[in-house]
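Novice: One structure is given below, represented as C-alpha cells, and several questions about it will come after.
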Amino acid sequence: MSSSLNQIQAPIAAEMELFEKKFRASMKSKVLLLDRIMSYIVKRKGKQMRPMFVFFTAKLFHETIADSTYRGAALIELLHTATLVHDDVVDDANYRRGFFSVNALWKNKIAVLVGDYLLSKGLLLSLHNDDFELLKIVSNAVREMSEGELLQIEKARRLDIDETVYFEIIRQKTASLIASCCAVGAASAGASKEDIEKARLFGEKVGIAFQIKDDLFDYGTAEIGKPVGIDIKEKKMTLPLIHALRNADWLTKRRVIYNVKNNNGDNKRVQQVIDFVKQSGGIEYTIEVMNRYHAEALAILNTFPDNPSRRSLEQLIAYTIEREK
1 MSSSLNQIQA
11 PIAAEMELFE
21 KKFRASMKSK
31 VLLLDRIMSY
41 IVKRKGKQMR
51 PMFVFFTAKL
61 FHETIADSTY
71 RGAALIELLH
81 TATLVHDDVV
91 DDANYRRGFF
101 SVNALWKNKI
111 AVLVGDYLLS
121 KGLLLSLHND
131 DFELLKIVSN
141 AVREMSEGEL
151 LQIEKARRLD
161 IDETVYFEII
171 RQKTASLIAS
181 CCAVGAASAG
191 ASKEDIEKAR
201 LFGEKVGIAF
211 QIKDDLFDYG
221 TAEIGKPVGI
231 DIKEKKMTLP
241 LIHALRNADW
251 LTKRRVIYNV
261 KNNNGDNKRV
271 QQVIDFVKQS
281 GGIEYTIEVM
291 NRYHAEALAI
301 LNTFPDNPSR
311 RSLEQLIAYT
321 IEREK
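Printed below as a string of C-alpha cells:
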C-alpha cells in the first residue's frame, strides 16, 4: 500500500506551511463580505496534492524553493478554486468536500463574482511579478478544462463516447491541471524547455491515471464518500462502461444505453448497468489501463536525476492509483 499523504508531504512540510500563509495573503480583500468568503474557502482545503506536485517537481531541479514557485502554486490554487466555485453554480451543487458550497451559503450571484475575483487575483499575482511563463502554462490548463467540460456535456446528450473521446475529455478536464502543476514547478525552478515539457507530460499521465481511479470508484471498488453509480446517474460514459459496451451484442448495448439515458434515476436500473460492467470485464480492463498510465508516468520521471524529490513523486503517483477515496 502507498504511503499516506502526510507521510509523502513530510519532506516539504515547511514549504507547505509557508505556502499556506502566502496563499491566504494572496486571497485577501478589503471588502468584508469577500474576506469572509475567502476565509471560508481556505478552511475547506482538500488533499493539497496540487501544491505538492508543484514543490516536488521544482525540487527535481533546485533544492531551494524560489519565490516564483510559491507564486506558481498560489496561481494554480486561485484559478482552480475559481473554476470550482463556478462549477458549483453550473451544477447547482450545495456541497463540496462535505461542506456547503459558496453558492449554497451566499447564492449564485455572489458565487459567480467570487469566482471572478479569484481569477483576477491569480492573473494579477502573475502580472505584478512578471511570471508570464507560469501564467501561460496555467491559463492554457484552464482553457483545456473548460473545453473538456463542454465536450463532455455535448457527448452526454448523445452518449456516443468512445475511448478516444473519453481520453480527450479526461486529459482536458483533469490531467491538464496536474500537468500544469508539474510544468509550473519545473519552469519556476529554471528548468529547460525540454524538461518543462517532460514534466508537463509526466503530470498529464499521472492525471489520467488519477481520473481513471476516480471512475473506478463509481463501481463500488472501495468504501468512499462518493455514492456508487453517480456517474451513470449523471449520464457520464466512463472507461469501464465504454469497454463493456464495445464488447456487447447489439441488443444488450441498446438496452444498457437506454437505461443510462432514460432510467438513470432508477437505482435498480443503475445497479443493472453496474452489474453488466462488472460481468463484462470492464473493471479489470480499466485497472490494466490505469496501471499502464502509471508505468508511463514513472518511466518519464525516471529520466530525471535521482534525488529525494523524485522518490517523493514516485510515492505521490503510487498514492493516486492506490488511494481509497
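Quick note: the sequence shown, position 119, residue 119 per the UniProt record's numbering, numbers continuous.
For each residue, glycine too, the CB sits at the ideal point set by N, CA and C.
Because the structure is a prediction, the values reported are computed rather than measured.
#1: From E197 to L75, what does the alpha carbon distance come to, in whole angstroms?
#2: By Cβ distance below 6 angstroms, which residues in the same chain neighbour T238 in space, the five residues on each side in sequence not counted?
#3: For R44, does the three-state DSSP call read helix, strand or coil?
#4: Run through DSSP, which three-state label would R96 get?
#5: Note the first and the last residue of the continuous alpha helix (DSSP H) segment covering L201.
#6: Let me confirm a value: F61 is counted as buried when at least 16 other C-beta atoms fall within 10 Å, else exposed. Which label applies?
#7: Taking C-beta to C-beta, are A175 and I153 nearer than 9 angstroms?
#8: Is P240 helix, strand or coil by DSSP?
#9: For L159, which three-state DSSP category applies?
#10: Taking 8 angstroms as the line, does the beta carbon of E149 fall inside it for any heavy atom of the ligand NAP?
#11: Mind checking whether G282 and A244 have CB atoms under 9 angstroms apart?
#12: Classify N302 as helix, strand or coil using the three-state DSSP reduction.
#13: When you compare the segment 7-15 with the segment 54-69, are there three or more beta-carbon pairs, one atom per stretch, that lie closer than 8 angstroms?
#14: Taking the alpha helix (DSSP H) that K107 falls in, what are its first and last residues?
#15: Are the beta-carbon atoms of R200 and A189 separated by less than 9 angstroms?
#16: Would you identify the three-state DSSP class for M27, choosing helix, strand or coil?
#17: Once the 5 residues before and after V260 are set aside, which same chain residues still bring their CB inside 8 angstroms of it?
#18: For K233, does the three-state DSSP call read helix, strand or coil?
#19: Can you tell me the Cα-Cα spacing of R71 and Q48, whole angstroms?
#20: Within the same chain, show all residues whose beta-carbon is closer than 7 angstroms to that of S280, passing over the 5 residues directly before and after it, in chain order.
#21: How should Y166 be labelled, buried or exposed, when 16 other C-beta atoms within 10 angstroms of its C-beta is the threshold for buried?
#22: Can you tell me which of the three DSSP states N140 falls into?
#23: Take the Cβ of G46 as the centre, count every other Cβ of all protein chains shown within 10 Å, and call the residue buried at 16 or more, exposed below.
#24: Measure the CB-CB distance between L134 and L123 and report whether it falls below 9 angstroms.
#25: According to DSSP, simplified to helix, strand and coil, what is E20?
#26: Please report the straight-line C-alpha distance between I224 and K173, rounded to a whole angstrom.
#27: With a threshold of 16 other CB atoms inside 10 Å of the CB of A111, please say whether the residue is buried or exposed.
Specialist: The structure says:
#1: 19 angstroms
#2: D215 and D231
#3: coil
#4: strand
#5: K193 to F217
#6: buried
#7: no
#8: helix
#9: coil
#10: The model on display carries no ligand, and the ligand NAP is accordingly not part of it.
#11: yes
#12: coil
#13: yes
#14: V102 to H128
#15: no
#16: coil
#17: L159, I232, K235, M237, L241 and V273
#18: helix
#19: 15 angstroms
#20: A244, N247 and A248
#21: buried
#22: helix
#23: exposed
#24: no
#25: helix
#26: Reliability of the predicted coordinates at I224 is poor, the pLDDT of 43 falling under 50, and the value obtained from them is presented with this limitation in mind. Distance between the alpha carbons of I224 and K173 is about 22 angstroms.
#27: buried
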